[in-house]
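Colleague: Residue numbers (this note's numbering), protein chains in the order written: chain A, 101 to 426; chain B, 57 to 359.
1. Could you run through the stretch 322 to 340 of chain B and flag, in chain order, every residue whose CB is less than 8 angstroms away from some CB of chain A?
2. So what's residue 359/B in DSSP terms, helix, strand or just coil?
3. In the DSSP assignment, find the alpha helix (DSSP H) that holds residue 52/B and state where it starts and stops.
4. My guess is that residue 347/A and residue 417/A are in contact by the Cβ rule of under 8 angstroms, so how many angstroms apart are they, rounded?
5. Whole-angstrom Cβ separation of residue 253/A and residue 288/A, contact assumed at under 8 angstroms?
6. Below 8 angstroms CB to CB, which residues in the same chain sit around residue 121/A once its five sequence neighbours on both sides are set aside?
7. Tell whether a beta-carbon distance below 8 angstroms holds between residue 281/A and residue 375/A.
8. At a CB distance below 9 angstroms, what residues from the stretch 88 to 101 of chain B approach chain A? Give them in sequence order.
9. Contact between the stretch 257 to 275 of chain B and the stretch 101 to 112 of chain B: three or more CB pairs below 8 angstroms?
10. Compare the Cα-Cα distances from residue 247/A to each of 209/A, 295/A, 134/A and 407/A and report the closest residue.
11. Is residue 373/A closer than 8 angstroms to residue 207/A when the C-beta atoms are compared?
12. Any beta carbon of chain B sitting closer than 8 angstroms to that of residue 355/A?
13. When the distance is taken between beta carbons, is residue 315/B closer than 8 angstroms to residue 251/A?
14. Would a C-beta distance cut-off of 8 angstroms place residue 215/B and residue 291/B closer than the cut-off?
15. Within the continuous alpha helix (DSSP H) that includes residue 229/A, where are the two ends?
16. Buried or exposed: which applies to residue 195/B, given that a residue is buried once 16 or more other Cβ atoms fall within 10 Å of its Cβ?
17. Give the secondary structure of residue 280/A by DSSP, where H, G and I count as helix, E and B as strand, and everything else as coil.
18. Does DSSP classify residue 326/B as helix, strand or coil?
19. Counting pairs of Cβ atoms below 8 angstroms between the stretch 323 to 343 of chain B and the stretch 129 to 140 of chain B, do you hit three or more?
20. So, with DSSP's three-state summary, where would you put residue 151/A?
21. Could you tell me whether the Cβ of residue 163/B comes closer than 8 angstroms to any Cβ of chain A?
22. Less than 8 angstroms between the beta carbons of residue 343/A and residue 300/A, yes or no?
23. What residue does the alpha helix (DSSP H) around residue 310/A start on, and which one ends it?
24. Taking the alpha-carbon of residue 179/A as reference, which of 366/A, 164/A and 398/A has the nearest alpha-carbon?
25. Under 7 angstroms from any heavy atom of the ligand GDP, does the C-beta of residue 414/A make it?
26. Closest to residue 130/B by C-alpha separation, out of 349/B, 324/B and 227/B, would be which residue?
27. With DSSP run on the structure shown, which of helix, strand or coil describes residue 87/B?
28. In chain order, what residues of the stretch 310 to 323 of chain A put their CB closer than 7 angstroms to some CB of chain B?
29. Since I believe residue 144/A is in contact with residue 83/B (beta carbons under 8 angstroms), could you give me their beta-carbon distance rounded to a whole number of angstroms?
30. Among residues of its own chain, excluding the 5 on either side of residue 239/B, which ones have a beta-carbon nearer than 6 angstroms to its beta-carbon?
31. Does any residue of chain A bring its CB to less than 8 angstroms from the CB of residue 347/B?
32. For the candidate residues 136/A, 366/A and 386/A, whose alpha-carbon lies nearest to that of residue 273/A?
33. Can the beta-carbon of residue 402/A be found less than 8 angstroms from the beta-carbon of residue 392/A?
34. CB-CB under 8 angstroms to residue 197/B, same chain, minus the five flanking residues each way: which ones, in chain order?
35. Evaluate residue 390/A with the Cβ neighbour count: other Cβ atoms within 10 Å of its Cβ, from every protein chain shown; 16 or more gives buried, anything less gives exposed.
36. With a floor of 4 residues, list each alpha helix (DSSP H) that falls wholly inside the stretch 210 to 282 of chain B, ordered by position along the chain.
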């Protein structure tokens with residue numbers, strides 16, 4: 101799109117001299133009209149810059165308090181400590197972040213265990229098997245799932261899934277437990293994975309499928325051995341995107357996962373994630389500059405870095421699969 | 057030979073393809089079964105959520121529920137007036153910030169930006185990354201810069217609105233860019249050839265041609281904004297206030313916060329109120345989505 105309208109740039113005019121070496125510029129001198137155009141362009145640019153400003157502000161706010169936090173707590177204690185009790189007083193207070201990082205990954209892991217197989221099967225069905233008519237019905241239903249606010253998932257996990265389904269199946273769980281929260285987290289990211297993976301598979305050119313069918317491959321073989329591998333980087337990007345959503349999800353875990361920093365492996369127990377810790381601790385009334393306040397920022401910064409890393413990875417992968425076929 | 061005869065002959069010949077063997081067919085069937093099972097589970101999840109909310113919430117739904125204020129003591133005397141109004145105001149504030157900023161950014165990136173310039177690439181990468189920042193981190197930003205710090209507004213309606221605006225701005229930009237990109241270059245070329253300036257072309261041709269897509273994106277973004285809980289929790293929205301916000305600098309609450317507060321109540325009757333409030337929120341979202349669909353069908357341009 102660059103320069104779509106610029107009929108003649110100054111450089112091009114200079115490079116194409118008129119007859120007998122007389123340089124005739126096609127670029128007009130500024131008029132009221134062109135000044136107005138330039139002003140509009142500048143205003144639009146300022147709006148675009150706002151997104152950069154937002155990022156800078158996010159990083160700034162996180163870094164400032166994080167540095168101040170590490171003035172009070174040694175960085176090694178934070179990164180490698182295994183006891184997370186920042187809100188207690190005196191000797192009981194400890195700032196080892198590992199339990200909530202582990203809790204975040206543990207819950208995300210349960211979620212992905214649910215969302216990856218279900219999401220990919222849905223994606224393969226929509227991309228390869230479904231007739232256009234079925235697709236028109238099924239796709240909006242899956243997208244509806246993506247539009248349900250996360251608080252509703254949390255409500256469902258706490259008031260129905262844990263007591264009626266999980267306990268109904270005879271699994272003795274705490275009221276707040278990683279199992280329910282994780283499974284419902286999986287339900288939340290399922291549409292993300294399904295729709296991004298489906299896009300990736302739909303982008304695989306049809307000639308690849310025709311070639312395989314021509315060689316006598318079955319539908320299943322074409323789907324799993326031709327289309328799936330051809331779309332693999334896009335599919336991996338979908339999974340990373342799903343993981344990144346799960347890592348950042350707050351309310352489901354806050355409501356149904358509980359608030360105890362846990363380093364165990366029993367999913368029937370309560371776990372806490374980084375995002376849930378932030379929301380549980382900050383309710384608008386903690387004093388600025390207190391250690392609780394700084395803790396929110398340092399955990400937020402950790403979370404921010406993890407999701408940024410995941411996102412960078414996914415953007416890179418998507419770009420790679422685009423380069424192949426478009 | 058007639059066509060029918062050729063077809064007959066072809067049919068009588070054995071296929072060059074290997075006969076489908078039993079194992080492949082079995083795998084094919086199993087795979088189909090697995091896909092149907094996955095779809096079924098996804099639908100079941102959605103169905104169970106709607107069922108749970110409807111069963112506990114529907115009996116509580118009444119006009120009283122919409123017009124009363126939340127009570128901390130008597131569940132039967134509780135309503136969502138302050139939360140519903142808070143949510144509607146938040147939506148308005150978001151729209152005021154997000155529509156001009158989002159569309160301006162999208163126009164700049166699609167119509168003006170030279171992608172070889174590092175600063176334009178920076179803006180693009182930035183927007184992609186902002187869209188992936190967890191909402192709770194936006195809450196922290198709101199707390200540090202809007203509620204306290206430089207702006208120092210306090211935990212008021214405007215602070216909530218700005219925080220949510222920043223959160224959904226990337227969504228609006230991304231969708232608006234797609235809508236603008238869908239306007240074919242020939243439309244622009246025609247306009248420019250008739251002597252219109254670049255801005256006249258954008259204002260009179262490109263934007264009217266992409267308005268359906270932009271409006272859909274804005275509505276989607278606003279429905280995401282009013283469903284968000286985490287950022288409002290972090291900046292400190294009020295719990296169950298018995299008053300409506302009376303201005304931009306007034307304390308406020310919103311539907312998700314009210315739902316959150318009621319969900320956490322040990323009293324089961326309050327939990328049922330949470331379900332009723334979820335129904336109200338979902339009806340609002342459904343209305344917004346219907347508007348989006350109508351807009352898209354009515355104004356969508358076929359090029």
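Backbone N, C-alpha and C fix where the C-beta goes; we use that ideal spot for every residue, glycine too.
Just so you know, these numbers come straight off a predicted model, no measurement behind them.
Modeller: Inspection of the coordinates gives the following:
1. 327, 330, 331, 334, 337 and 338
2. coil
3. No information on residue 52/B is available, as it lies outside the stretch 57 to 359 that chain B covers here.
4. That belief does not hold up - the Cβ atoms of residue 347/A and residue 417/A are roughly 17 angstroms apart, past 8 angstroms.
5. 5 angstroms
6. Since pLDDT at residue 121/A reaches only 47, below the 50 mark, its modelled position is unreliable, and no value is offered.
7. no
8. 88, 90, 91, 92, 93, 94, 95, 97, 98, 99 and 101
9. no
10. 295/A
11. yes
12. yes
13. yes
14. yes
15. Per DSSP, residue 229/A belongs to no alpha helix (DSSP H) and is neither H nor E.
16. buried
17. helix
18. helix
19. yes
20. helix
21. yes
22. no
23. 306 to 314
24. 398/A
25. The ligand GDP is not part of the structure shown, which contains no ligands of any sort.
26. 324/B
27. helix
28. 316, 318, 319 and 320
29. Going by Cβ atoms, the distance from residue 83/B to residue 144/A rounds to 55 angstroms, so no, they are not a contact pair.
30. 262, 265 and 266
31. no
32. 366/A
33. no
34. 219 and 222
35. exposed
36. 213 to 237, 241 to 249 and 254 to 257
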